[in-house]
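Data block below; observations after.
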Amino acid sequence: MISRLVVLTSIGAVALASALPAVAWHPWKSGLPSTRRIQSLTIDTRSVNPGASIARDQCFTFAFDGAVASSCGDLRVTHALPATRVRGKAQAPMLVYHAQHAHPYPVVRANVTMPSGTVSAATATLHLVVNGTPTTVATQTYTGTQLPGGSTRRVALTFDGITYPTGVYPYTLSLSATVNGTVVQTQSIDTLVIVNRSTSEFGAGWWLARFPSSTGSRTPSPVPTPSGVQRSATRTFAR
Numbered sequence: 001m002i003s004r005l006v007v008l009t010s011i012g013a014v015a016l017a018s019a020l021p022a023v024a025w026h027p028w029k030s031g032l033p034s035t036r037r038i039q040s041l042t043i044d045t046r047s048v049n050p051g052a053s054i055a056r057d058q059c060f061t062f063a064f065d066g067a068v069a070s071s072c073g074d075l076r077v078t079h080a081l082p083a084t085r086v087r088g089k090a091q092a093p094m095l096v097y098h099a100q101h102a103h104p105y106p107v108v109r110a111n112v113t114m115p116s117g118t119v120s121a122a123t124a125t126l127h128l129v130v131n132g133t134p135t136t137v138a139t140q141t142y143t144g145t146q147l148p149g150g151s152t153r154r155v156a157l158t159f160d161g162i163t164y165p166t167g168v169y170p171y172t173l174s175l176s177a178t179v180n181g182t183v184v185q186t187q188s189i190d191t192l193v194i195v196n197r198s199t200s201e202f203g204a205g206w207w208l209a210r211f212p213s214s215t216g217s218r219t220p221s222p223v224p225t226p227s228g229v230q231r232s233a234t235r236t237f238a239r
């Protein structure tokens with residue numbers, strides 16, 4: 001096969017002929033390194049969980065009637081109390097019930113992106129850190145069909161939080177998967193809030209809202225964390 005090469009010069013175009021066969025060049029056959037993107041195992045909790053804040057006003061709320069509604073997927077009931085005056089100002093206190101606060105079942109969600117390949121099995125483990133010590137509170141196993149290779153899926157783990165007092169808790173959600181016969185692991189570290197009103201003086205899950213303290217202060221009350229550090233709770237606790 002004859003190959004022709006045309007070269008532009010100052011006197012015009014000169015055509016050069018060669019008797020060498022034309023050979024296609026492939027970088028993966030030339031011994032030179034080729035670049036290929038390898039997808040890794042990732043787990044994201046921060047974009048799908050509220051973290052250390054509870055914004056009830058951002059929840060999807062479906063009202064059944066004037067006093068009963070579903071808020072954030074949990075039952076919410078309000079009961080208005082007679083109006084009163086405190087320090088010369090009219091107040092409209094209200095009793096509020098939230099099923100999640102009567103018996104806490106915290107939920108940790110995560111977006112899991114699996115690497116390309118054949119997934120045999122995957123296990124997600126949730127560790128709650130109490131007083132500096134990680135405690136396993138939930139474990140969930142998934143099949144390769146539920147978390148296939150090269151895909152992103154939403155998972156959620158929940159646990160019984162009745163024994164944990166109100167506070168802000170660090171946690172670690174770890175994921176281990178077997179892909180193409182090799183074990184890969186990753187984890188995400190974040191915080192969650194547990195509101196436990198199971199022993200409230202107003203009844204389990206009930207608390208008094210829209211009413212200032214005896215000092216007239218409306219500043220958020222401090223909520224102790226498991227490590228003993230005081231952290232201010234947002235007023236959204238009472239919504």
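Here the UniProt record's numbering is used: position 2 in the sequence shown is 2, and no number is missing along the way.
C-beta atoms are modelled at their ideal positions from N, C-alpha and C, and glycine is treated no differently.
Item                                                                                                                : Value
Simplified DSSP state of ASP57, which is helix, strand or coil                                                      : helix
Other residues of its chain near ALA52: CB distance less than 7 Å, five sequence neighbours each side excluded      : VAL168, THR191, VAL193
Length-filtered (3 minimum) beta strand (DSSP E) runs lying within the segment 174–216                              : 182–194, 206–209
Counted within 10 angstroms of its Cβ, other Cβ atoms place GLN100 as buried (16 or more) or exposed                : buried
Among GLU201, ARG197, PRO170, TRP206, nearest to ASN49 - alpha-carbon criterion                                     : PRO170
Cβ neighbours of ALA92 in the same chain (closer than 6 Å, five flanking residues each side left out)               : ALA83, ARG210
For VAL168: DSSP bridge partner residues                                                                            : VAL193
Outcome for THR139 when other beta-carbon atoms lying within 10 angstroms are tallied against a minimum of 16       : exposed
Close beta carbons around HIS79, own chain, < 6 Å, minus the five adjacent residues each side                       : LEU95
Continuous beta strand (DSSP E) stretch holding HIS101: start and end                                               : Element bounds for HIS101: not the beta strand (DSSP E) but the alpha helix (DSSP H), 99–102.
Where residue 241 sits in the DSSP three-state scheme                                                               : The chain is shown only over 1 to 239; residue 241 falls outside these bounds and no answer can be derived.
Opposing strand residues paired with ALA90 [DSSP bridges]                                                           : ARG85
Option in ALA110, ALA122, ALA102 with minimal Cα separation from VAL183                                             : ALA122
Integer-rounded CB distance, given that THR118 should sit under 8 Å from GLY149                                     : 6 Å
Per-residue DSSP class, three states only, for THR136                                                               : strand
Residue 259 classed as buried or exposed, judged by whether at least 16 other C-beta atoms fall within 10 angstroms : The structure shown does not extend to residue 259, since the chain is modelled only from 1 to 239, so the question has no answer here.
ILE162 (DSSP reduced to helix, strand or coil)                                                                      : coil
Interface flag, THR118 vs chain D, CB-CB below 8 Å                                                                  : The question asks about chain D, but that chain is absent: this structure has only one protein chain.
Neighbour-count burial assignment, VAL86, 16 or more Cβ in a 10 Å radius                                            : exposed
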